Each structure stands twice: as C-alpha cells, then as structure tokens.
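Shown next, in structure tokens, is the structure this report addresses.
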Amino acid sequence: MNRKIALITGGSRGLGRETALRLAESGVDTILTYHSRRDAADAVVAEIDARGGNAAALQLDTGDTASFAQFAAQVRELLQSRWQREHFDFLVNNAGIGVHAPLAETTEAQFDQLVNIHLKGVFFLTQTLLPVIADGGRIVNLSSGLARFTLPGYGAYAAMKGAVEVLSRYLAKELGARGIAVNSFAPGAIETDFGGGTVRDNQAVNDFIAAQTALGRVGLPEDIGGAIASLLSDDNRWINGQRIEASGGMFL
Numbered sequence: 112m113n114r115k116i117a118l119i120t121g122g123s124r125g126l127g128r129e130t131a132l133r134l135a136e137s138g139v140d141t142i143l144t145y146h147s148r149r150d151a152a153d154a155v156v157a158e159i160d161a162r163g164g165n166a167a168a169l170q171l172d173t174g175d176t177a178s179f180a181q182f183a184a185q186v187r188e189l190l191q192s193r194w195q196r197e198h199f200d201f202l203v204n205n206a207g208i209g210v211h212a213p214l215a216e217t218t219e220a221q222f223d224q225l226v227n228i229h230l231k232g233v234f235f236l237t238q239t240l241l242p243v244i245a246d247g248g249r250i251v252n253l254s255s256g257l258a259r260f261t262l263p264g265y266g267a268y269a270a271m272k273g274a275v276e277v278l279s280r281y282l283a284k285e286l287g288a289r290g291i292a293v294n295s296f297a298p299g300a301i302e303t304d305f306g307g308g309t310v311r312d313n314q315a316v317n318d319f320i321a322a323q324t325a326l327g328r329v330g331l332p333e334d335i336g337g338a339i340a341s342l343l344s345d346d347n348r349w350i351n352g353q354r355i356e357a358s359g360g361m362f363l
C-alpha cells in the first residue's frame, strides 16, 4: 500500500518542521519547501529519513506567483522519480511571515508583502497544485488565533488570515466533488522564531500570554504539529470547511 505524501510549505522550521516530523511518525512522507535556508531543510529531511520516512525539499518563494508553474513541474518530477506517483495527498499551506505594526503605521510595502505571501500566494499556489493533489486528499491552510481575538499591532496580518479562513470554506465547497476536504487551522501564540521570536524570547510577553490562556502556558511547536497531523488522519476525514483553533484557550 502506498504511503501518503504531504506537501508542506515552510517546512524547514517552526510549525512546518514539527508538522513534517509528526506526520513522519504516522507513516506520511513529505515534500517540504524552504525559502532560503537549504541547510535547515536538509536537516529536516535527514531527520525524517532517520526515522524511516521518505522526504525531500524544494525551494519556493510563496510570495512569487510567477514561480508556481515551474514549482508544480518540479513537484511532478519529484513524485515520479522518488515515489513513482503522479499525485500527493495533503497540502499544508504553512509558510508565512509576521509583521507587527499599528494600522496607522503599516506601510503599503508591508501590506503588499503580507497579501502576496499569506493570501495571493495561498490562493494561486493551491490553484496551481490542484491537478497534482489526489482525489480524496486534504488541504490545511494556516490561519491564526489573531483572526478571532485582537491584539494591537497585528491588524494587517490578522486580516490576511481572516481572508484565508473564508477562502478555505469556498475551497471546501468547490472541491467537495473530488472528495478533497479543506480546513483552516489557527494556532495561538507559539514559542518559535516566528516574528523575531518574541513569544519565545521575551519573558514579559510570554508571561502575559500564559496568564490569558486557560491551560496556563504558551503553546509549543509540538502542540501544533501533532494537531495538524491529527487533522490529516483518517479519523478526522469528515471534518471539512471548518476553522480549528489550537491555542490552549487564549482569551476565552
């Protein structure tokens, strides 16, 4: 029986890395993308291979839609050469950046960068890869807890994630005929290097978030990687068109 294959954007670090490792534990192989850190991507591939999985890394700038057709061709070639397959099963649109600025000070360049990576990139990368996703597959689009609760300085970023949640529902509706389930997954504050590592490295910020979280701590990458892997399991095949938040109960 063929192993399932996931394509995870931004899989060389943070939540993408943890998701790839957790999927490997459940027998899912991975194609992960990286933006510039080939060494980090190779390290994740090596770790998956050491655990008995099969993984590969491809470079991708998710904010550059002009590169998507070539990237899809690379994915097809890799699937054929590595797995003797024409399709992969799971797409996890995870890659992203953080911009922290009040709305009154957010520049047009910052706004455009967020649009290109978090919305336009997700839309058109998914569109480009649809012929390569297997019928009965799954798509998970990363959102954020900030699309539900509000913290000053994250308005532009959160607006993109709110749009992704709407996009996910429409994808679920339109791809239902192919048996492809689509959900948005919204992490709360997690200790990673995202956004400069503020949540992880700034003790005052960490303490504040922990105090506002029902479970009394800030999230860890493994909290999220495991949850996404679970969402992609057969046990959760009937979850579709939903926004799922994993925040430990922030701002309840």
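First residue of the sequence shown: 112, per this note's numbering; consecutive thereafter. Cβ coordinates follow ideal geometry from the N, Cα and C atoms, glycine included. Please read these numbers as outputs of a predicted model, since none were measured by experiment.
Identify whether residue i lies in helix, strand or coil by the three-state DSSP scheme.
{"i": "S108", "result": "Given that the chain is displayed from residue 112 to residue 363, the structure contains no residue 108 and the question cannot be resolved."}
{"i": "N313", "result": "coil"}
{"i": "A135", "result": "helix"}
{"i": "G330", "result": "strand"}
{"i": "L343", "result": "coil"}
{"i": "R128", "result": "helix"}
{"i": "T237", "result": "helix"}
{"i": "I116", "result": "strand"}
{"i": "I335", "result": "helix"}
{"i": "I350", "result": "coil"}
{"i": "A325", "result": "coil"}
Once the 5 residues before and after residue i are set aside, which same chain residues still bring their CB inside 7 Å of it?
{"i": "G163", "result": "none"}
{"i": "D172", "result": "H146, S178"}
{"i": "G264", "result": "H211, A212, P213"}
{"i": "F305", "result": "G125, G209"}
{"i": "R187", "result": "V243"}
Consider the Cβ of residue i: report whether some Cβ of chain C lies at a distance smaller than 9 Å.
{"i": "F222", "result": "Protein chain content of the structure displayed is limited to a single chain, and chain C is not contained in it."}
To the nearest angstrom, report how far apart residue i and residue j are at their CA atoms.
{"i": "R348", "j": "I335", "result": "18 Å"}
{"i": "K231", "j": "I119", "result": "17 Å"}
{"i": "R259", "j": "Q195", "result": "42 Å"}
{"i": "E197", "j": "I159", "result": "22 Å"}
{"i": "R149", "j": "E302", "result": "22 Å"}
{"i": "G318", "j": "S358", "result": "First, the residue type needs correcting, since residue 318 is Asp and not Gly in the sequence shown. For D318 and S358, the distance between alpha carbons rounds to 15 Å."}
{"i": "G56", "j": "G127", "result": "No information on residue 56 is available, as it lies outside the stretch 112 to 363 that the chain covers here."}
{"i": "K284", "j": "V233", "result": "17 Å"}
{"i": "S344", "j": "V316", "result": "34 Å"}
{"i": "A135", "j": "A154", "result": "14 Å"}
{"i": "Q185", "j": "L169", "result": "8 Å"}
{"i": "A323", "j": "R354", "result": "Going by the sequence as given, residue 323 is Gln instead of Ala. Going by the C-alpha atoms only, they are around 21 Å apart."}
{"i": "L422", "j": "L189", "result": "There is simply no residue 422 to check, as the chain begins at 112 and stops at 363 in what is shown."}
{"i": "T176", "j": "L236", "result": "7 Å"}
{"i": "G174", "j": "A131", "result": "21 Å"}
{"i": "N113", "j": "T141", "result": "13 Å"}
{"i": "L241", "j": "A152", "result": "24 Å"}
{"i": "M361", "j": "G248", "result": "31 Å"}
{"i": "S123", "j": "L363", "result": "32 Å"}
{"i": "A183", "j": "T144", "result": "12 Å"}
{"i": "V275", "j": "H229", "result": "8 Å"}
{"i": "G207", "j": "G121", "result": "7 Å"}
{"i": "V251", "j": "A161", "result": "26 Å"}
{"i": "L202", "j": "L282", "result": "13 Å"}
{"i": "I244", "j": "N313", "result": "40 Å"}
{"i": "N205", "j": "Q191", "result": "24 Å"}
Leaving out five residues on either side along the sequence, give the residues of the same chain with a beta carbon under 8 Å from the beta carbon of residue i.
{"i": "R193", "result": "N165, A167"}
{"i": "G266", "result": "P213, L214, T217"}
{"i": "A269", "result": "S255, L257, A258, T261"}
{"i": "A180", "result": "T239"}
{"i": "G287", "result": "N351"}
{"i": "S137", "result": "A340, S344"}
{"i": "R133", "result": "E333, G336, G337, I339, A340"}
{"i": "L331", "result": "I301, E302"}
Counting only the same chain and skipping the five closest in sequence on each side, list residues whose C-beta sits under 6 Å from that of residue i.
{"i": "D246", "result": "R289, G290"}
{"i": "K272", "result": "S254, S255, A258"}
{"i": "Q221", "result": "V210"}
{"i": "K115", "result": "V139, D200"}
{"i": "I320", "result": "A300, V329"}
{"i": "T309", "result": "V316"}
Which residue spans inside the region 243-305 form an unbroken alpha helix (DSSP H) run of at least 4? As far as the region 243-305 is concerned, its whole alpha helix (DSSP H) runs of at least 4 residues are 266-286.
Enumerate, from N- to C-terminal direction, the unbroken beta strand (DSSP E) stretches of 3 or more residues contained entirely within the region 206-233. Counting whole runs of 3 or more residues, the region 206-233 contains no beta strand (DSSP E) stretch at all.
Can you confirm whether the region 323-341 touches the region 290-301 when touching is taken to mean that 3 or more C-beta pairs between the two stretches lie within less than 8 Å? Judged by Cβ distances under 8 Å, the region 290-301 makes contact with the region 323-341, as three or more pairs qualify.
Report the start-end ranges of each beta strand (DSSP E) in the region 143-218 that is 3 residues or longer and not cut off at the edges. As far as the region 143-218 is concerned, its whole beta strand (DSSP E) runs of at least 3 residues are 166-170, 199-204.
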